[in-house]
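Structure record follows, encoded as structure tokens.
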Amino acid sequence: MSSSVDSALKVLDEPAMLGLSLLVAPEHPLIDIVFVHGFNGHPERTWRHKGDTGHQPSVPEEHSDERPRKFQKIFDSVKVPRGRKPVYWPRDLLPHTAPDARILAYGYDTRLGHRLSSPRSQKSVYDFAKDFLLELEAARRSHPSRPLLFIAHSLGGVVVKEMLRQSYGHLNHHHHLRTISESTSGIIFFGTPHGGADPQGLLRTIAENVARVVGFTVNETVLESLLPSAERLRQLRDEFGPMAHAQEWKIHCFQEDHGIKALGGRKVVEDVSSCLSDSSLEITQHIANDHMDMCRFSGIHDVEYRKVAAAIRRVLENTNNCPHSASRTTLSIGERQAYVKSLRFDQIGARHATIKTAHAKTCRWLLKNPGYQDWLALERLSEHNGFLWIKGNPGTGKSTLMKYILANAKKTMPEATVLSFFFNARGEGLEKSTEGLYRSLLLQLLENFSELEQILDLLPQPLLAGTGEFEGQWQLETLKMIFQAAVRRLGTRRLVCFVDALDECHEDDVRDMVAFFETLSQEAVQSGKHLQICFSSRHYPYISVEKCIELVLEDQDGHQDDLAHYLQTELKIGKSQRSEKIKNEVLQRANGIFLWVVLVVRMLQKEYDRGRIHALQKRLNEIPDGLDKLFKDILTRDARNSDDLLLCLQWILFAKRPLKREELYFAILAGTEPDQLTPWDPNEITTNVMDRFLLDCSKGLAELTKTKKQTVQFIHESVRDYLLKGNGLVHLQQPLQSDFEGLSHEKLKLCCQNYLKVDTSLVDSRGQDTIDPGVNDHGIVENETQLDTPSNDNNSQSQGASSSNDAESLSENLCLQYPFLSYAMKHIFDHAEAAAEKNISQLTFTTEFDFASWKGYNNILEKYSIRKYSPGASLLYIFAEKNLPSSFALSFKKYLTWISWASDINFLCGRL
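FYI, the numbering for the sequence shown is 241 to 1152, going by our numbering.
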């Protein structure tokens, strides 16, 4: 049997009466087709033809385990005449129509029971659907994204619809069950009572009377579901249509063309009930047979089967074109490695690296904390589902504590795989998003267990270009699905995850992430796996978790001891009685806020180091309690260089990405002293000079990240909160404008504009003018197509390579000597757009801006030729391409004004 078939399923000669049965298993299936029988049906008999094309009286099966009964034909059975070979079309015909399909049948018990046997199932449609969902998901666990087609008869269609409704509802929990609805491509219904069966009274009377006479038990719940008044059918009617539209399922409803004599020639399910009444969603078609025989076919050339085959092919064509189509089942090693590589992103570990290591002898208390020890104890996982949540006020030291216990876990749990992610609201996009979290955790997991790379075969669509390079964008649901599959395949291996600063990510995204991990942990506990998750965050927003150990940092005695220890070792002001009094006062006023203590210690230490020991108490009295008041004191105590301070804060707050040290240095100069802008001479303006300048500009509230590509950020997220949410900016600008954000973007735009005016004529790898080579008088790259077109002439190729190398060298030299140029060129329009959105006019800017020079810089700095602008590219075109609607609207208005003016000129000239 193919390795692609789940080990739990074997191909059967005859389907089992209950549960899933595997009928056909090609080596590399591209779709799963699942048959679901109807009321009183059977996984085989419902779909099995007698073996001839005529309608013959039903006779008992030779080995039937049930006695013949009256009105049997109403309840979906078929008897096979002796000597005739039956046609079981799911196995005998369908593989010719869908050769790449794995074919399964599902059975459930809705039969009438024999009087001598035990009562039959009293399950409802809801119960059947839930059982079906769980069993189907388990059977597809190795390939959860493989497309699905359901083929259902009568009540089986109601079961399928209810199952899909339940699957679709698992958006924020038990996401593995949602993969069923997400992977569904289509549904083919045979006589399904979408609006209830008719005639209801006669059908109920016949069924109940027959059951009473022969001693059978009728499942009243199932029978009720067939009737128009059934509550479940009303819910499905209201919910199924929108769900099917959202998922873009292909739906085909086959309707019975013939009635039944026992019902006076009427149909079991009338046409009005056997359709969804939505022509935009479904195709309806009649089968020339009655309710029982409408899903049985004599052979591949059966006229009625051709209708069904055409409907199946329509779904298959949709499957081949849909995003989740499984066009292949196995990736090469190189392709898998390309996917793994694509998970990595710049600054992936920046926040963790920037967090200061715990002060000596601090944080150790947590290792002995009863709650923490309960979390570590594997035998107690069921009590808390492996969840530990550390909460604390801003600045209490949560991230430092998380870094400490992460390092301790890696050192003391050699048998465990330890993963981590530290959200960073001050960082770039992926550093503060759940997409970044899943990419980071998945990358760490795959790097620890290379054998897990095979889960990448589950990807719903190829994201690699023909060159094998990653060319696409990771989708959040895809990342969750792959990570969940990887965790499942760890088996009983212990997995520990640390996730810090949940409050530094968007609340809705965090709620979804917490629900995802809660589902993952519940599943792990139920299956005996060892998954432990440690979160840290502020108290707000509050997110409920069913089972969790919660530790409030500022309430822990060990945390208070850490503050006292830090004061004793870092505040070096002697051991006099006065000194001890000062330390005790600092500790009492700290209210558990470690950051407040750190900043106060710096201030007091400065006074002491200046020999002003007598002024320590006075300085301490001047320092306010709480972080917000302390930040205000730091920012307003010294009024020197207030313009530098404000601009520095504006850049850190509103830059389109975190700026590097040298970028921020020249960005501030461009706004405060534009006449001082010259090429950067590292021998004169050293990194040490820049560091001191930025320290002074930010009043010590900004720092460099400790990563390979260092950027400037606030020392703590509470600084940003104070400035934006705590109205801290009002103390820096009087009066504070209500549209401060818009005015800030306007200021940053002007900084970019000033920097783009610098003289770069001396920078060129070939000793020529920077803008002239390859650029016309308007600053546009010329003959771009000719330069980029391959030539058969070796000399031309050599010249092309040389020209390309020169252009690359020119770009590098330009960025080295003018560090802020690249940012200014790329984001000047972004800041203009942000200002325009705050109703700050950009008319003068768009009129007077040196657009030709900007295009020249863009074409020099742009790596890819396809992204360079041709001579005909207008400002209007570029605003549209960059999705800048406000700037586009303004430019378009100017364009229309120019057209009107030109028309007036032409009119006047024509009159003269």
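No residue lacks a Cβ here, since even glycine has one placed at the ideal position from N, Cα and C.
Quick one: using the 10 Å Cβ neighbour count with 16 as the cut-off for buried, is S519 buried or exposed?
-> Your numbering for residue 519 matches position 279 in the sequence shown. By the Cβ-count criterion, S519 is exposed, with fewer than 16 other Cβ atoms from all chains shown falling within 10 Å of its own Cβ.
If you draw a straight line from the C-alpha of Y408 to the C-alpha of V754, how long is it?
-> Residue numbering aside, residue 408 sits at position 168 when the sequence shown is read from its first letter. Residue numbering aside, residue 754 sits at position 514 when the sequence shown is read from its first letter. Taking the straight line joining both Cα atoms gives about 19 angstroms.
Span of the alpha helix (DSSP H) around G347 | Mapped onto the sequence shown, residue 347 falls at position 107. It is not in any alpha helix (DSSP H) - G347 instead sits in the beta strand (DSSP E) that spans 341-347.
What three-state label does DSSP hand R818 in the structure shown?
-> Here the question's residue 818 lines up with position 578 in the sequence shown. In this structure, R818 counts as helix in the three-state DSSP scheme.
Let me know if K608 comes out buried or exposed under the rule of 16 or more other beta-carbons within 10 Å of its beta-carbon.
-> For this step, residue 608 is matched to residue 368 along the sequence shown. A residue is called buried once 16 or more other Cβ atoms fall within 10 Å of its Cβ, and K608, having fewer, is exposed.
What is the DSSP secondary structure of Q296, reduced to helix, strand or coil?
-> By 1-based counting over the sequence shown, the position of residue 296 is 56. Reliability fails at Q296, whose pLDDT of 36 lies under 50, so the model's placement of it is uncertain and the value that follows must be treated cautiously. Collapsing the DSSP output to three states places Q296 in coil.
Rounded Cβ spacing between F723 and Y678 (contact assumed at less than 8 angstroms) = Here residue 723 corresponds to residue number 483 of the sequence shown, with the count starting at 1. Here residue 678 corresponds to residue number 438 of the sequence shown, with the count starting at 1. With 8 angstroms as the limit, F723 and Y678 qualify as a contact, their Cβ atoms being about 6 angstroms apart.
For T286, I'd like the list of residues in its chain whose CB is within less than 7 angstroms of its CB, leaving aside the five on either flank, ordered along the chain.
-> Along the sequence shown, read from residue 1 onward, the residue named residue 286 stands at position 46. These residues qualify, in order along the chain: H277, G278, D316, H393, C535.
Between which two residues does the beta strand (DSSP E) harbouring D657 extend?
-> As a first step, residue 657 is located in the sequence shown; it is residue number 417 there, counting from the start. A quick correction: the sequence has Thr, not Asp, at residue 657. For T657, the enclosing beta strand (DSSP E) covers residues 656-662.
Just how far apart, CA to CA, sit S1093 and K965?
-> For the purposes of this step, residue 1093 is identified with residue 853 of the sequence shown, where counting begins at 1. For the purposes of this step, residue 965 is identified with residue 725 of the sequence shown, where counting begins at 1. Rounded to whole angstroms, S1093 to K965 spans 39 angstroms at the Cα level.
By how many angstroms is the C-alpha of D349 removed from the C-alpha of L434?
-> As a position in the sequence shown, residue 434 is number 194, starting the count at 1. As a position in the sequence shown, residue 349 is number 109, starting the count at 1. Per the sequence shown, the amino acid found at residue 434 is His instead of Leu. H434 and D349: Cα-Cα distance of roughly 21 angstroms.
Give the single residue among A895, I1118, D936 whose Cα lies nearest to the Cα of H985.
-> Counted from its first residue, the sequence shown places residue 985 at position 745. Taking only the C-alpha atoms, the option nearest H985 is A895.
Take E1102 as the anchor and find which of H1071, S1051, S1114 has the nearest alpha-carbon.
-> What you label residue 1102 is simply residue 862 of the sequence shown in a count that begins at 1. E1102 has its Cα closest to that of S1051, out of H1071, S1051, S1114.
Helix, strand or coil for I391, going by three-state DSSP, please let me know.
-> What you label residue 391 is simply residue 151 of the sequence shown in a count that begins at 1. DSSP, read as helix, strand or coil, puts I391 in strand.
Output yes or no for whether 9 angstroms exceeds the beta carbon distance between H526 and I500.
-> Here the question's residue 526 lines up with position 286 in the sequence shown. Here the question's residue 500 lines up with position 260 in the sequence shown. No. Outside cutoff.
Secondary structure at R734, three-state DSSP: helix, strand or coil?
-> In the sequence shown, residue 734 corresponds to position 494, counting from 1. R734: strand per DSSP, three-state reduction.
Name the DSSP bridge partner or partners of S261?
-> The sequence position of residue 261 within the sequence shown is 21, counting from 1. The beta-bridge partner set that DSSP reports for S261 consists of A345.
Collapsed DSSP secondary structure at G968 in the structure displayed = One-based indexing of the sequence shown puts residue 968 at position 728. Three-state DSSP puts G968 in a helix.
Where are the beta strand (DSSP E) runs, 3 residues long or more, that stay fully inside the region 788-873, in chain order?
-> For the region 788-873, whole beta strand (DSSP E) runs of length 3 or above, ordered along the chain, are 789-792.
What's the gap between the Cα of T293 and the Cα of A528?
-> Counting from 1 along the sequence shown, the entry for residue 293 is found at position 53. Counting from 1 along the sequence shown, the entry for residue 528 is found at position 288. For T293, the predicted structure reports a pLDDT of 39, less than 50, and the residue's modelled location is therefore unreliable. The matter cannot be settled from this model.
Straight-line Cα distance separating M642 from L258 = Locating residue 258 in the sequence shown gives position 18, where the first residue counts as 1. Locating residue 642 in the sequence shown gives position 402, where the first residue counts as 1. If you take the alpha carbons of L258 and M642, they lie about 51 angstroms apart.
Beta-bridge partners of Q772, as assigned by DSSP | Translated into the one-based positions of the sequence shown, residue 772 becomes position 532. According to DSSP, Q772 bridges with V736.
Can the beta-carbon of L659 be found closer than 9 angstroms to that of L685?
-> One-based indexing of the sequence shown puts residue 659 at position 419. One-based indexing of the sequence shown puts residue 685 at position 445. In this structure, L659 sits near L685, with a CB-CB distance shorter than 9 angstroms.
Under 9 angstroms between the Cβ atoms of L791 and G611?
-> The residue you call residue 791 lines up with position 551 of the sequence shown. The residue you call residue 611 lines up with position 371 of the sequence shown. Less than 9 angstroms separates the beta-carbon of L791 from that of G611.
Three-state secondary structure assigned by DSSP to K370 = Residue numbering aside, residue 370 sits at position 130 when the sequence shown is read from its first letter. If DSSP states are grouped into helix, strand and coil, K370 belongs with the helices.
So, helix, strand or coil for G667, using DSSP?
-> Taking the first residue of the sequence shown as 1, we reach residue 667 at position 427. In the structure shown, G667 sits in coil (DSSP, three-state: anything other than H, G, I, E or B).
Within the region 883-944, ranges of the alpha helix (DSSP H) (whole runs, at least 4 residues) | Complete alpha helix (DSSP H) runs here, min 4: 901-912, 927-938.
Report the partner residues of K631 according to the DSSP bridge assignment.
-> One-based indexing of the sequence shown puts residue 631 at position 391. According to DSSP, K631 bridges with S777, V792.
What are the start and end residues of the beta strand (DSSP E) that includes S425?
-> Translated into the one-based positions of the sequence shown, residue 425 becomes position 185. Judged by DSSP secondary structure, S425 falls within the beta strand (DSSP E) whose first and last residues are 424-430.
Which class does T350 belong to by DSSP, given the choice of helix, strand or coil?
-> Start at 1 with the first residue of the sequence shown, and residue 350 comes out as number 110. In this structure, T350 counts as coil in the three-state DSSP scheme.
According to DSSP, is Y678 helix, strand or coil?
-> Within the sequence shown, the letter at position 438 stands for residue 678. Here Y678 sits in helix by DSSP.
Does the Cβ-Cβ distance between A897 and Y1063 come in under 9 angstroms?
-> Stepping through the sequence shown from its first residue, residue 897 is reached at position 657. Stepping through the sequence shown from its first residue, residue 1063 is reached at position 823. Correcting the residue type first, residue 897 is Arg in the shown sequence and not Ala. Contact flag set, yes.
Which term fits S469, buried or exposed, when burial requires 16 or more other beta carbons within 10 angstroms of its beta carbon?
-> Position 229 of the sequence shown, counting from 1, holds the residue named residue 469. Low per-residue confidence applies at S469: pLDDT is 43, beneath 50, and the placement is therefore not dependable, though the value from the model is reported in the following sentence. Exposed, by the Cβ-count rule.
Just how far apart, CA to CA, sit K812 and A804?
-> Within the sequence shown, residue 812 is the residue found at index 572, counting from 1. Within the sequence shown, residue 804 is the residue found at index 564, counting from 1. Put simply, the backbone Cα of K812 is about 13 angstroms away from that of A804.
Secondary structure of F1060, DSSP reduced to three states | On the sequence shown, position 820 is the one that residue 1060 refers to. Note: F1060 maps to coil in three-state DSSP.
Between S425 and C788, what straight-line distance do the alpha-carbon atoms span, to the nearest angstrom?
-> As a working note, residue 425 is residue 185 in the sequence shown. As a working note, residue 788 is residue 548 in the sequence shown. The alpha-carbon atoms of S425 and C788 are separated by roughly 38 angstroms.
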